[in-house]
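Chains as they are written, first to last, in our numbering: chain P, 64 to 422; chain D, 334 to 584.
Note that the Cβ used here is the ideal one computed from N, Cα and C, for glycine as well.
Computed from a predicted model, the values in this text were never measured in an experiment.
This is how it looks when you write it as structure tokens:
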């Protein structure tokens, strides 16, 4: 297959088009603006539409409308813009609509910065807007993985009728890597008999709605949705294990940070330290059972979480292993990336602790 | 043989509406349903319900319906219309929804000339939440959040939506009507019909602002409320066509 060199922001746009997405609604914000620019160039060539909305709020509601009309649709933004979209995301989740939302994260809070961060883990995983709801959240760590997961994301969204977030960061959005797009092939969205397309006199009217004024009815709707969430948790969790077979120290990291961790693991291994990496690819559902099993299998003694934030994933890791093991954290924030060397320093410190216990 | 000369429009659902006695939402619902029936478009129409008293509109029309977040109906309508350009898409919105929290969505859908129809109910009050000041509440109007009367120096001035939107090139048709008397109801029907035809002919955004009554939150009898539309609202919100760029074909 022919590989092409592409920026992450461009690759996801092209992948979405390959997946049959013909509608993109967005608003410029660094570091994801290339998605909109790429869509603006490409969509008219494939019979699609890229529409620049007046705000992130309008963009996500255009997504809501297009999703209700049965279209494969996406929007993209970066951290502050995603916060603005959270109202719409809640309505989309409450209305059981599928769509793809890309967050090319930057440092926060507030206007923060424009450099890579993972500071929206909680926003994506814990509370995508008000109410009891979830998005499926994918955390790619390479441009090829962005492409591959885009196809998965659209399919999973359509299958379970849920919004899906691609949680990238400024580094993945901006950097270039060779990607194979041809492997996606031609993809088509499934039939959506629930969509509000006009009933044509052929069926009863469809209603897309998130309002249930009777408490019992709303509870029933939420519970039914959580049954689907349970199915998603059972079948859709994704993760990668790297050199965990005999690891005493298990690094847990996602996205761009996981790549730096891999280098740190390599460096540790060269020093004779038994380190490995567990990389969650879905952040919701979190591969909790898989992480716990991997740690048990290997006989892991220390866990080290690394993120581009102040430790937002740490609790999920502690819960996954039921607080059985000490969990250390190394984070950089504000747009700063950790070096493999500083991670190696953390690994070496934990290795010394383990050795001390053995003595 | 008895002949049925008057009945429920086919596009209006056979359910009990949730509106208060004397409220004119019911009249406007009927006019919208009649227009849909007369144009024979029920099967290709998608309606967008707002947040506010008409939030349950998705239960009251027989076409496909979507319930939008507060103020976002024009953006939701944009998404539907861009996905399905050959369908007919209308929003049904109140004054808080359209002219306060959703002002940006309204103005920009209008500026883009989105080929949609907006039915805008202006009753100068927030009905659903219990009578608070609306962006269209009149100077001096007593509401629960302007208990001493709306003071423009403190609470600002009302927004005249049709006048504002008429300045935008994307708006093909903007008319303000009222449903205070049979003559005006017939005029409102004509305007709503034209607003749908404007969309069907692909001419751009059409908005019909309907001066409506809210006896409950105005603290008036239904008859007094209709009188208040005439004596208090109409002087501030004059009826009429504010822009018509349809070239006359849509009549």
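Is residue 377(D) close to chain P, meaning its C-beta is less than 8 Å from at least one C-beta of that chain?
-> Taking the first residue of the second chain as 1, we reach residue 377(D) at position 44. Residue contact check for residue 377(D) against chain P: a CB pair falls below 8 Å.
Where residue 298(P) falls, given that 16 or more other Cβ within 10 Å makes a residue buried = Taking the first chain and counting its residues from 1, the one referred to as residue 298(P) is at position 235. Its Cβ having fewer than 16 others within 10 Å, residue 298(P) is exposed.
Under 8 Å, do residue 400(P) and residue 323(P) count as touching if we go by C-beta distance?
-> Taking the first chain and counting its residues from 1, the one referred to as residue 400(P) is at position 337. Taking the first chain and counting its residues from 1, the one referred to as residue 323(P) is at position 260. Cβ atoms of residue 400(P) and residue 323(P): closer than 8 Å.
Which stretch, first to last residue, makes up the alpha helix (DSSP H) that contains residue 146(P)?
-> Your numbering for residue 146(P) matches position 83 in the first chain. 142 to 157 is the extent of the alpha helix (DSSP H) around residue 146(P).
Output, in chain order, the set of chain D residues within a Cβ distance shorter than 7 Å of residue 117(P).
-> Within the first chain, residue 117(P) is the residue found at index 54, counting from 1. Close to residue 117(P), with beta-carbon spacing below 7 Å, are these residues of chain D in chain order: 437, 441.
At least one CB of chain D closer than 8 Å to the CB of residue 349(P): is that the case?
-> Reading the first chain from its first residue, position 286 is the one you call residue 349(P). Interface annotation, residue 349(P): not in contact with chain D, CB-CB separation never under 8 Å.
Taking three-plus beta-carbon pairs below 8 Å as touching, is the region 465 to 475 of chain D in contact with the region 430 to 441 of chain D?
-> Yes, the region 465 to 475 of chain D is in contact with the region 430 to 441 of chain D.
How is the alpha helix (DSSP H) around residue 408(P) delimited, first residue to last?
-> For this step, residue 408(P) is matched to residue 345 along the first chain. Annotation: the continuous alpha helix (DSSP H) that includes residue 408(P) extends over 403 to 421.
Are the CB atoms of residue 86(P) and residue 120(P) nearer to each other than 8 Å?
-> On the first chain, position 23 is the one that residue 86(P) refers to. On the first chain, position 57 is the one that residue 120(P) refers to. Contact annotation: residue 86(P) and residue 120(P) have beta-carbon atoms that are not nearer than 8 Å.
Meets three-Cβ-pair contact criterion under 8 Å: the region 247 to 263 of chain P and the region 129 to 143 of chain P | Yes, the region 247 to 263 of chain P is in contact with the region 129 to 143 of chain P.
Which of helix, strand or coil does DSSP assign to residue 392(D)?
-> Taking the first residue of the second chain as 1, we reach residue 392(D) at position 59. Of the three classes helix, strand and coil, the one that applies to residue 392(D) here is helix, per DSSP.
Counting only beta-carbon atoms, is residue 268(P) nearer than 8 Å to chain D?
-> On the first chain, residue 268(P) is found 205 positions in, with the first residue counted as 1. Yes, because at least one Cβ of chain D sits closer than 8 Å to the Cβ of residue 268(P).
Segment limits, alpha helix (DSSP H) that includes residue 357(P) | Locating residue 357(P) in the first chain gives position 294, counting from the first residue. Looking at the DSSP string, the run of the alpha helix (DSSP H) that includes residue 357(P) is 351 to 361.
Taking Cβ-Cβ distances shorter than 9 Å, what residues in chain P pair up with residue 398(D)?
-> Position 65 of the second chain, counting from 1, holds the residue named residue 398(D). 259, 268, 269, 270, 271, 272, listed in chain order.
Can residue 182(P) and residue 320(P) be called in contact, C-beta distance under 8 Å?
-> Stepping through the first chain from its first residue, residue 182(P) is reached at position 119. Stepping through the first chain from its first residue, residue 320(P) is reached at position 257. Not a contact, by the Cβ cut-off of 8 Å.
Confirm, please, whether the CB-CB distance from residue 154(P) to residue 439(P) is below 8 Å.
-> For chain P, the structure presents residues 64 to 422; residue 439(P) sits outside this window and is missing.
Endpoints, the beta strand (DSSP E) within which residue 386(D) is located = Within the second chain, the letter at position 53 stands for residue 386(D). Residue 386(D): not part of any beta strand (DSSP E); DSSP gives it neither H nor E.
Starting from the N-terminal side, write out each stretch of the alpha helix (DSSP H) that is 4 residues or longer and does not extend beyond the region 499 to 545 of chain D.
-> Scanning the region 499 to 545 of chain D for uninterrupted alpha helix (DSSP H) segments of 4 residues or longer gives 515 to 533, listed from N- to C-terminal end.
Which same chain residues, not among the five before or five after residue 396(D), have their C-beta less than 7 Å away from its C-beta?
-> Stepping through the second chain from its first residue, residue 396(D) is reached at position 63. Once the five neighbours on either side are set aside, the close Cβ partners of residue 396(D) are 344, 369, 375, 378, 379, 380.
Give the secondary structure of residue 268(P) by DSSP, where H, G and I count as helix, E and B as strand, and everything else as coil.
-> To locate residue 268(P), count along the first chain from 1; it is residue 205. Here residue 268(P) sits in coil by DSSP.
Whose CA, out of 226(P), 217(P), 98(P), lies closest to the CA of residue 160(P)?
-> The count along the first chain starts at 1 and reaches residue 160(P) at position 97. Answer by Cα proximity: 226(P).
Per DSSP, residue 400(D) forms a beta bridge with which residues?
-> Against the second chain, residue 400(D) aligns to sequence position 67. The partner list for residue 400(D) (beta bridge, DSSP) reads 382(D).
Rounded separation between residue 540(D) and residue 347(P) - CA only | On the second chain, residue 540(D) is found 207 positions in, with the first residue counted as 1. On the first chain, residue 347(P) is found 284 positions in, with the first residue counted as 1. Rounded to whole angstroms, residue 540(D) to residue 347(P) spans 43 Å at the Cα level.
Any C-beta of chain D under 8 Å from that of residue 150(P) = Within the first chain, the letter at position 87 stands for residue 150(P). Taking Cβ atoms only, chain D reaches closer than 8 Å to residue 150(P), which makes this a yes.
Interface partners of residue 413(D) on chain P, CB under 8 Å = Stepping through the second chain from its first residue, residue 413(D) is reached at position 80. By Cβ distance, chain P contributes 128, 129, 131, 132, 259.
For residue 345(P), I'd like the list of residues in its chain whose CB is within less than 8 Å of its CB, leaving aside the five on either flank, ordered along the chain.
-> Locating residue 345(P) in the first chain gives position 282, where the first residue counts as 1. Only 199, 200, 201, 202, 299, 300, 301, 302 meet the Cβ criterion.
Might you give, ordered along the chain, the residues of its own chain that have their beta carbon closer than 8 Å to the beta carbon of residue 99(P), omitting 5 neighbours on each side?
-> The residue labelled residue 99(P) in the question sits at position 36 within the first chain. Cβ within range, chain order: 87, 89, 90, 91, 113, 115, 139.
Cβ-Cβ separation, residue 412(D) to residue 83(P) (assumed contact under 8 Å), whole Å | Translated into positions along the first chain, residue 83(P) becomes position 20. Translated into positions along the second chain, residue 412(D) becomes position 79. The Cβ separation is near 17 Å, so there is no contact.
Kindly provide the ranges of any beta strand (DSSP E) runs that are 3 or more residues long and lie completely inside the region 308 to 342 of chain P, ordered along the chain.
-> The region 308 to 342 of chain P contains these whole beta strand (DSSP E) runs: 312 to 315.
Identified DSSP bridge partners for residue 230(P) = Sequence index remark: in the first chain, residue 230(P) carries index 167 (1-based). For residue 230(P), which the question treats as bridged, DSSP gives the partners 166(P).
Report buried or exposed for residue 334(D), applying the criterion of at least 16 other Cβ atoms within 10 angstroms of its Cβ.
-> To locate residue 334(D), count along the second chain from 1; it is residue 1. Answer is exposed; the Cβ neighbour count stays below 16.
The beta strand (DSSP E) with residue 455(D) in it runs from where to where?
-> Reading the second chain from its first residue, position 122 is the one you call residue 455(D). For residue 455(D), the enclosing beta strand (DSSP E) starts and ends at 450 to 455.
List, in order along the chain, the chain D residues whose C-beta lies closer than 9 Å to that of residue 88(P)?
-> For the purposes of this step, residue 88(P) is identified with residue 25 of the first chain, where counting begins at 1. Think of a sphere of 9 Å around the beta carbon of residue 88(P): the chain D residues whose beta carbon falls inside it are 408, 411, 412, 415, in chain order.
First and last residue of the beta strand (DSSP E) that includes residue 365(P)?
-> In the first chain, residue 365(P) corresponds to position 302, counting from 1. Segment 365 to 370, the beta strand (DSSP E) holding residue 365(P).
To which residues of the same chain is residue 413(P) closer than 7 Å at the C-beta, ignoring the five residues directly before and after it?
-> By 1-based counting over the first chain, the position of residue 413(P) is 350. Answer for residue 413(P): 312, 365, 367, 391, listed in chain order.
Assuming residue 503(D) and residue 538(D) make a contact with CB atoms under 8 Å, what is their CB distance in whole Å?
-> For the purposes of this step, residue 503(D) is taken as the residue at position 170 of the second chain. For the purposes of this step, residue 538(D) is taken as the residue at position 205 of the second chain. Indeed they touch by this definition, with Cβ atoms about 6 Å apart.
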